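Novice: Residues -27 to -1, 1 to 299 (mature numbering (1 follows the signal peptide of the UniProt record, and there is no 0)) are what the sequence shown spells out, left to right. Every residue gets a Cβ at the ideal spot worked out from N, C-alpha and C, and that includes glycine. Keep in mind that this is a model prediction, so the values were computed, not measured. Before I ask anything, let me first share the structure, which is written out below as structure tokens.
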Amino acid sequence: MGSLSNFVSFIVSLGLALAFCSGNVQAEISTNVDDLRFYYYPTANDGVEIVFNNGASLSASNLKAATPTIIVIDGFLSNLTTPMSQNVKNAYVANGGDNLNVIVLDWGRLSGSGQSLANPLDTVSYYTTVIGNVPEIGQRVADFLNFLQVNKQIQFSDVTVVGHSLGAHVAGDVGKSVQNTYGGLLTRIAGLDPAGPLYDLQLIPSLRLDRNDASFVDVYHTNRGVLGIIDDIGQVNVYVNGGSSQPGCTTADITGTKGYCSHSYSWKFFISGFQTNYLACPCLGLIVDCICLNCNNCSKGIPVGPNISYSASECSLYTVSSGPLP
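Structure, rendered in structure tokens:
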């Protein structure tokens, strides 16, 4: 799988070079973190914007003080209305009730949202521009969390960040910035098939999501080596249905955007864990998929998904089975 990952990254890099040679610079994508938007959802349909460093907007939001808080971050080309942002938010609101704050990061101006993908060279240029935004976005989200800490007594240890694809690497930078700037530590980062292109085989933890970016980091692999990262970068790495391709996605992954259906399966699987008690078993990580060592006698199985135990790290590699998801 490493050779495939290298090939994908090579094509992306080659496309970028050609795009630059043709003078194809994408000015439409913002690099200004002031264009980030934070929306708090007291109910699934009532989003309230909290403006960074604006005490009046924070007071008007009625965000619950000293309360566990979820930050939802989708990936490349995303915005507030994309399916992951909305569905993960809705699941947490429905299951958290009054005991949770749910906030969605809308980074659409900086994620490339709305750009046409008709030209592959443009797409490569968009992607690399957006990757360049990731560290500063992570810093701004950390600053926003400190704003909540000062004004609403929401500690860093109260915060879980759920990030999909490129949003998982944003989450990693949030965790790094919380540590480096404020000496704090997020309680959890859940990485949902973290983006692979230009991140695969990246051995420098400061440039991607890493197991040390929060007290607990769990990663769900669903499209490993295509759109998802091949590396085991979490404290717990869950290979869903082997980690590469997902049930119900074969046709879509071939006829549509390569790997997109399996890549999106990660967040669908994750939130389905609110209703389904998934038990993941220790597995053997091979070149392609993660194979269960003894699925008929899973004495060291762990529950995975939103309600995973934060102490579930006796083994770092786990596999779990699931059927097609809507």
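With distances taken from CA atoms, which of TYR172, GLY221, VAL45 and VAL97 is nearest ILE2?
Specialist: When only C-alpha atoms are compared, the closest one is VAL97.
Novice: DSSP beta-bridge partners for GLU22?
Specialist: In the DSSP output, where bridge partners are listed per residue, GLU22 has TYR12.
Novice: Are the region 85 to 95 and the region 48 to 59 touching, with three or more C-beta to C-beta distances below 8 Å?
Specialist: Segments in contact, yes.
Novice: Please classify SER239 as buried or exposed, where buried requires at least 16 other C-beta atoms within 10 Å of its C-beta.
Specialist: The residue in question, SER239, is buried, as its Cβ has 16 or more Cβ neighbours within 10 Å.
Novice: Measuring straight from C-alpha to C-alpha, what distance separates ILE23 and VAL209?
Specialist: When rounded, the distance between both Cα atoms is 33 Å.
Novice: Where GLY296 and CYS222 are concerned, what is the direct C-alpha to C-alpha distance, given to the nearest angstrom?
Specialist: Looking at the two C-alpha atoms, the distance is approximately 11 Å.
Novice: The beta strand (DSSP E) with TRP42 in it runs from where to where?
Specialist: One detail in the question is off: residue 42 reads as Thr in this sequence, not Trp. Here the beta strand (DSSP E) through THR42 covers 42 to 46.
Novice: Which residue marks the beginning of the beta strand (DSSP E) containing GLY164, and which one marks its end?
Specialist: Here the beta strand (DSSP E) through GLY164 covers 161 to 165.
Novice: Locate the beta strand (DSSP E) running through TYR212, then write down its first and last residues.
Specialist: First-last of the beta strand (DSSP E) with TYR212: 209 to 213.
Novice: Exposed or buried, GLN248, counting other C-beta atoms within 10 Å across all chains shown (16 or more means buried)?
Specialist: Exposed is the call here.
Novice: Residue 328: which of ASP205, ASN196, GLY70 and ALA38 sits nearest, CA to CA?
Specialist: Lying before the first or after the last residue shown, residue 328 is absent from the chain, which here runs from -27 to 299.
Novice: Leaving out five residues on either side along the sequence, give the residues of the same chain with a beta carbon under 6 Å from the beta carbon of ALA163.
Specialist: These residues qualify, in order along the chain: VAL135 and ASP191.
Novice: Give me, in chain order, the residues of the same chain whose beta-carbon lies closer than 6 Å to that of GLY148; leave out the 5 immediate sequence neighbours on both sides.
Specialist: Taken in chain order, the residues that qualify are LEU159, ILE162, ASP186 and ALA187.
Novice: What ranges does the alpha helix (DSSP H) occupy inside the region 30 to 118, keeping only unbroken runs of at least 4 residues that lie completely in it?
Specialist: You should have 56 to 69 and 81 to 84.
Novice: In its own chain, which residues sit with a C-beta less than 6 Å from the C-beta of TYR14, not counting the 5 before and 5 after it?
Specialist: Around TYR14: GLY20, LYS62, VAL66 and VAL75.
Novice: Given a threshold of 16 other Cβ atoms within 10 Å of its Cβ, counted over all protein chains shown, does ASP71 qualify as buried or as exposed?
Specialist: Exposed.
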